[in-house]
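**Q**
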Amino acid sequence: MGNQNLKFFIFAIVLIFCGCANMGQGPTGGKKDIISPTAKTFSPKDKATNVTKPTVEIIFDEYIQVNNANQNIIISPPQKAQPITKGVGKKVMVEFRDSLKPNTTYTIDFGKSIGDYTENNLVKDFTYSFSTGEEVDSLKISGIVLNAEDLTPCEEIYVGIHSICDDSTFTNRAFERIAKTDKEGKFTILGAGNKQYKIFALNDLNNNYYYDQPGETIAFEEIETPIPSIETTIQSDTTYKDSVTIDTIIHKTIYHYKPEDILLRAFVLPMPLQEFNKLKRERNYFILNFTKIEKSLPEITLLDTDKKDWFIVEPSITTDTVKYWITDSTIFAIDSLQLTAKYLVTDSVGKLISRTDTLWVNLNSKQIAEEKKRNETREKLIERMSRRGRKVKRDNVLKLSHEPSTIEIYNPIFIEWEHPLSKFDEDKIHFYLKEDSIYTPIKGKIQKEADPLYPRRYNLIGDFKPEIFYEVRVDSAAAFDFYGNHNNAIKMLFRIKPKEDYATMNFKIINITGEAFVDMLNTKDQVISREKVINNEVKFIHITPGEYYFRLIEDENGNEKWDTGNYQEQLQPEKVYYFNKKIKFRKNWDVEEEWDIKEYPIHEQRPSGLSSSKTRKAL
92 MGNQNLKFFI FAIVLIFCGC ANMGQGPTGG KKDIISPTAK TFSPKDKATN VTKPTVEIIF
152 DEYIQVNNAN QNIIISPPQK AQPITKGVGK KVMVEFRDSL KPNTTYTIDF GKSIGDYTEN
212 NLVKDFTYSF STGEEVDSLK ISGIVLNAED LTPCEEIYVG IHSICDDSTF TNRAFERIAK
272 TDKEGKFTIL GAGNKQYKIF ALNDLNNNYY YDQPGETIAF EEIETPIPSI ETTIQSDTTY
332 KDSVTIDTII HKTIYHYKPE DILLRAFVLP MPLQEFNKLK RERNYFILNF TKIEKSLPEI
392 TLLDTDKKDW FIVEPSITTD TVKYWITDST IFAIDSLQLT AKYLVTDSVG KLISRTDTLW
452 VNLNSKQIAE EKKRNETREK LIERMSRRGR KVKRDNVLKL SHEPSTIEIY NPIFIEWEHP
512 LSKFDEDKIH FYLKEDSIYT PIKGKIQKEA DPLYPRRYNL IGDFKPEIFY EVRVDSAAAF
572 DFYGNHNNAI KMLFRIKPKE DYATMNFKII NITGEAFVDM LNTKDQVISR EKVINNEVKF
632 IHITPGEYYF RLIEDENGNE KWDTGNYQEQ LQPEKVYYFN KKIKFRKNWD VEEEWDIKEY
692 PIHEQRPSGL SSSKTRKAL
């Protein structure tokens with residue numbers, strides 16, 4: 092092969108490889124498709140009357156897909172048997188499985204269910220309606236659903252209406268028409284007629300479209316809504332050929348549907364069943380836990396013994412737990428106890444009935460092994476210290492509220508016992524004022540069992556002034572528990588923070604008529620402090636510097652807590668209002684604000700920086 096031919100051969104090979112390298116590249120394409128499909132034909136026609144066909148067909152201008160039809164599509168009136176919705180090619184088909192009702196307007200709100208096949212560009216605000224009678228009802232009812240306690244939006248909750256309604260309709264009859272709330276809690280009910288309705292919200296747990304489950308979130312209006320109506324206005328849009336010459340004036344008809352401002356405050360009526368939950372055993376106590384405890388505590392009987400006074404009962408303030416301290420050393424030494432527990436439970440019709448169970452209250456193998464290891468370790472320590480002529484200090488049965496430190500002015504100063512006491516000598520508690528290195532005795536007293544959450548906690552009360560050091564001394568053997576243990580001598584040195592380290596807040600409340608209280612909240616919507624409104628004013632003192640929010644609750648029954656509603660008793664939940672901005676406090680600040688609780692609409696009051704918290708700090 093000559094040089095010329097060789098060059099030509101190499102050039103051809105290069106072309107082939109270049110071509111092969113580019114074969115998979117193809118065209119790069121154009122702009123991304125952002126246009127949603129458009130409906131072209133309907134069968135039956137949109138807003139058709141005298142419809143008998145149970146199937147709806149809608150053809151679009153491009154291939155489509157249907158997304159989560161059961162969740163996204165809302166049909167009124169609600170259907171017992173969910174319609175079958177299919178997307179095939181460019182067609183959407185909805186097949187009703189319930190019989191069509193006579194003289195009824197049917198609406199299909201497709202929500203976010205339909206998008207194009209390639210990019211899933213959603214068809215927005217797409218609705219369809221027809222009537223089995225002579226007319227199509229086309230009015231709308233709009234509003235918002237908020238959580239009654241914290242004014243957060245209720246998302247994806249049903250809102251329904253009844254045109255003929257008594258107090259039992261909501262509890263035994265499906266809604267006539269429904270809608271579902273969006274992320275902002277907003278809803279629009281389509282296909283309403285020119286008549287009055289009662290409106291409700293329902294988190295429908297069993298999909299029957301009426302309220303029959305105690306755990307369902309609900310809202311209701313005690314009065315009928317205004318009759319739905321429509322107003323029309325003419326809006327003119329002008330286009331210009333140049334800066335001064337009018338080209339075209341276009342007149343548009345704007346439709347305004349009312350009512351559009353329905354506010355529903357949703358709540359749950361807490362009706363927990365009383366049931367035995369679980370038990371727990373430690374060496375010297377056991378715990379019985381229930382979903383709740385009403386009327387009476389469980390009756391406990393130890394089997395195979397005649398002993399009666401072998402335990403002390405310590406009920407929980409949460410009314411769901413009972414702690415039984417075993418005071419008889421011969422009994423708590425037993426690893427496995429058999430006893431009977433007689434207690435109340437809720438039956439199938441909601442009534443409390445008595446039940447008696449036989450329970451084995453045992454230490455498990457892990458607990459026994461750990462206990463054995465601790466005892467062996469202590470015996471070795473005692474032996475080692477004995478050889479050195481020293482004694483092992485016994486474990487203290489006393490806890491202190493504070494190590495030597497600076498204490499918040501509003502925090503209690505306390506001592507807390509590890510076990511229930513059989514003996515306590517108040518004369519062995521001493522209070523001192525410390526100046527330099529001099530300790531001067533001062534008066535003080537003991538407040539026993541002041542906190543129901545902590546029944547073995549004793550508060551120490553004295554004329555403690557800020558910025559001054561105090562010391563509390565507890566003598567050895569000031570208290571004995573039922574097991575013969577006593578406390579070691581102990582000291583607690585502390586200083587109260589000065590008032591200048593805190594801020595104060597004073598609100599003048601406007602537009603309030605009855606009793607109310609105000610909660611100071613942290614950024615997690617947890618209650619830090621609560622104060623009652625007196626003479627249209629409320630004051631918070633000793634505020635730790637930081638950022639806080641405030642909410643007001645109209646306390647209709649004066650029990651100083653927020654109360655939920657009750658549909659059977661036609662009670663609305665107590666009203667809640669938020670001060671619509673965050674307040675930042677610094678040391679030694681005195682802040683005053685006027686607060687008109689009705690200055691802003693309810694759904695605009697909750698501050699945007701306040702996070703949602705389902706659990707709140709108990710006061």
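In terms of the working numbering, the sequence shown is residues 92 to 710. Built from N, CA and C at the ideal position, the CB exists for glycine as well. Here the structure is a predicted model, which is why all the values come from computation and not from measurement.
1) Can you tell me where the alpha helix (DSSP H) with R475 in it begins and where it stops?
2) Rank G306, D273, N297, R268 by C-alpha distance to the C-alpha of I290 and give the top, closest one.
3) Look at the alpha carbon of E390 and the alpha carbon of R372, and state the distance between them as a whole number of angstroms.
4) Given a threshold of 16 other Cβ atoms within 10 Å of its Cβ, counted over all protein chains shown, does L454 qualify as buried or as exposed?
5) Please classify E690 as buried or exposed, where buried requires at least 16 other C-beta atoms within 10 Å of its C-beta.
6) Would the beta-carbon of V280 fall within 8 Å of that of I232?
7) List the whole-angstrom C-beta distance separating F608 from E660, where the pair is believed to meet the contact cut-off of C-beta under 8 Å.
8) Output the distance between the C-alpha atoms of K514 and R548, rounded to the nearest integer angstrom.
9) Starting from N161, follow the alpha helix (DSSP H) in both directions and report where the run begins and ends.
10) Does DSSP put S254 in a helix, in a strand, or in coil?
11) Quick one: grab the DSSP three-state call for K678.
12) So N375 and Y574 are in contact, right, with Cβ under 8 Å, and what is the actual spacing, rounded?
13) Evaluate E727 with the Cβ neighbour count: other Cβ atoms within 10 Å of its Cβ, from every protein chain shown; 16 or more gives buried, anything less gives exposed.
14) Is T410 closer than 8 Å to I378 when the C-beta atoms are compared?
15) With a threshold of 16 other CB atoms inside 10 Å of the CB of E240, please say whether the residue is buried or exposed.
16) Report yes if the C-beta distance between I248 and N299 is below 8 Å; otherwise report no.
17) Among Y415, L213, N212, E313, which one has its Cα closest to the Cα of F261?
18) If you follow the beta strand (DSSP E) that I632 is in, where does it begin and where does it stop?
19) Considering only residues of the same chain and omitting the five flanking positions on each side of T344, which have a CB-CB separation below 7 Å?
20) Which residues bound the alpha helix (DSSP H) around F423?
21) Does the region 560-568 come within contact of the region 521-536, defined as at least 3 CB pairs closer than 8 Å?
22) If you follow the alpha helix (DSSP H) that F261 is part of, which residue opens it and which one closes it?
23) Rounded to the nearest angstrom, what separates S699 and T243 at their Cα positions?
24) In angstroms, rounded to a whole number, what distance separates the CA positions of G117 and Q162?
25) Does I600 pass the burial test, meaning 16 or more other C-beta atoms within 10 Å, or should it be called exposed?
26) Out of curiosity, what's the CA-to-CA distance linking Y346 and P664?
27) Mind checking whether L489 and L430 have CB atoms under 8 Å apart?
28) Below 6 Å CB to CB, which residues in the same chain sit around P692 once its five sequence neighbours on both sides are set aside?
29) Please tell me whether L354 and G251 are closer than 8 Å, where the distance is taken between their beta carbons.
30) According to DSSP, is H342 helix, strand or coil?
31) May I have the straight-line CA-CA distance separating I500 from E591, to the nearest angstrom?
32) Tell me, which residues are paired with G390 by DSSP?
33) When the Cα atoms are used, what is the spatial distance from K615 to D216?
34) Considering F573, what are the terminal residues of the beta strand (DSSP E) in which it resides?
35) Between K556 and F585, what straight-line distance do the alpha-carbon atoms span, to the nearest angstrom?
36) Per DSSP, what are the beta-bridge partners of T497 in this structure?
**A** In this structure, then:
1) 456-478
2) R268
3) 17 Å
4) buried
5) exposed
6) The displayed chain sequence assigns Ile, not Val, to residue 280. Yes; because the gap between Cβ atoms is below 8 Å, this pair is in contact.
7) That pair is no contact at about 23 Å.
8) 15 Å
9) 160-163
10) coil
11) coil
12) 7 Å
13) Any property of residue 727 remains undetermined from this structure, which presents the chain solely from 92 to 710.
14) no
15) buried
16) no
17) E313
18) 628-634
19) T323, I325
20) 420-423
21) yes
22) 260-263
23) 10 Å
24) Here the model assigns G117 a pLDDT of 45, short of 50, so the residue's position is not dependable and the matter cannot be decided.
25) buried
26) 35 Å
27) no
28) none
29) no
30) strand
31) 11 Å
32) One detail in the question is off: residue 390 reads as Glu in this sequence, not Gly. Partner(s): K433.
33) 35 Å
34) First-last for F573: undefined, no H or E at that position.
35) 11 Å
36) R586
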